[in-house]
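Chemist:
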Amino acid sequence: AKTSVQGILLLGVTPLEMTYLDYFEDEGVGYTRSNVQVVVPRRVHRDGQPKDENMNDDIDHPEERIIQSHAYIWAQGASKLDL
Numbered sequence: 004a005k006t007s008v009q010g011i012l013l014l015g016v017t018p019l020e021m022t023y024l025d026y027f028e029d030e031g032v033g034y035t036r037s038n039v040q041v042v043v044p045r046r047v048h049r050d051g052q053p054k055d056e057n058m059n060d061d062i063d064h065p066e067e068r069i070i071q072s073h074a075y076i077w078a079q080g081a082s083k084l085d086l
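Residue numbers for the sequence shown follow this note's numbering, so the first one is 4 and each next one is one higher.
#1: For a quick check, are the C-beta atoms of THR35 and ALA78 less than 7 Å apart?
#2: Thinking just about the alpha-carbon of each residue, which of VAL16, VAL39, LEU24 is nearest to the one in SER69?
#3: Could you pull out every residue in the same chain whose Cβ sits closer than 8 Å to the Cβ of VAL43, ignoring the five residues on either side in sequence?
#4: Ends of the alpha helix (DSSP H) at LEU19?
#5: Mapping DSSP to helix, strand and coil, what is SER72?
#6: Is the distance from the Cβ of GLU41 to the Cβ of SER72 below 7 Å?
#7: Quick one, which of GLY33, LEU14, SER37 has its alpha-carbon nearest ASP85's?
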């Protein structure tokens, strides 16, 4: 099943930092680290040039790219979520 969520993509994470994240996220118990495809929007101006911070949002359109990454997926089931 294809699902999607919005999140934050961390780039340049070292293996040691991944170990820290695994510990913090309780990997294997609370969450499972999985390989995922991340769709990253890149804002571009109508002329195809990268968006300048000073451009108005109403004159640009998104262009996407796909990145292979990891995500921590909740492994305890919906009944255990504290919503």
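The C-beta atom is built at its ideal place from N, Cα and C for all residues, glycine as well.
Modeler: Looking at the atomic coordinates:
#1: yes
#2: Per the sequence presented here, residue 69 reads as Ile, with Ser not at that position. Among VAL16, VAL39, LEU24, the Cα nearest to that of ILE69 belongs to VAL39.
#3: LEU12, GLU67, ARG68, ILE69, ILE70
#4: 18-27
#5: strand
#6: The residue you asked about is not Glu; residue 41 is Val in the sequence shown. Yes, they are a contact pair.
#7: GLY33
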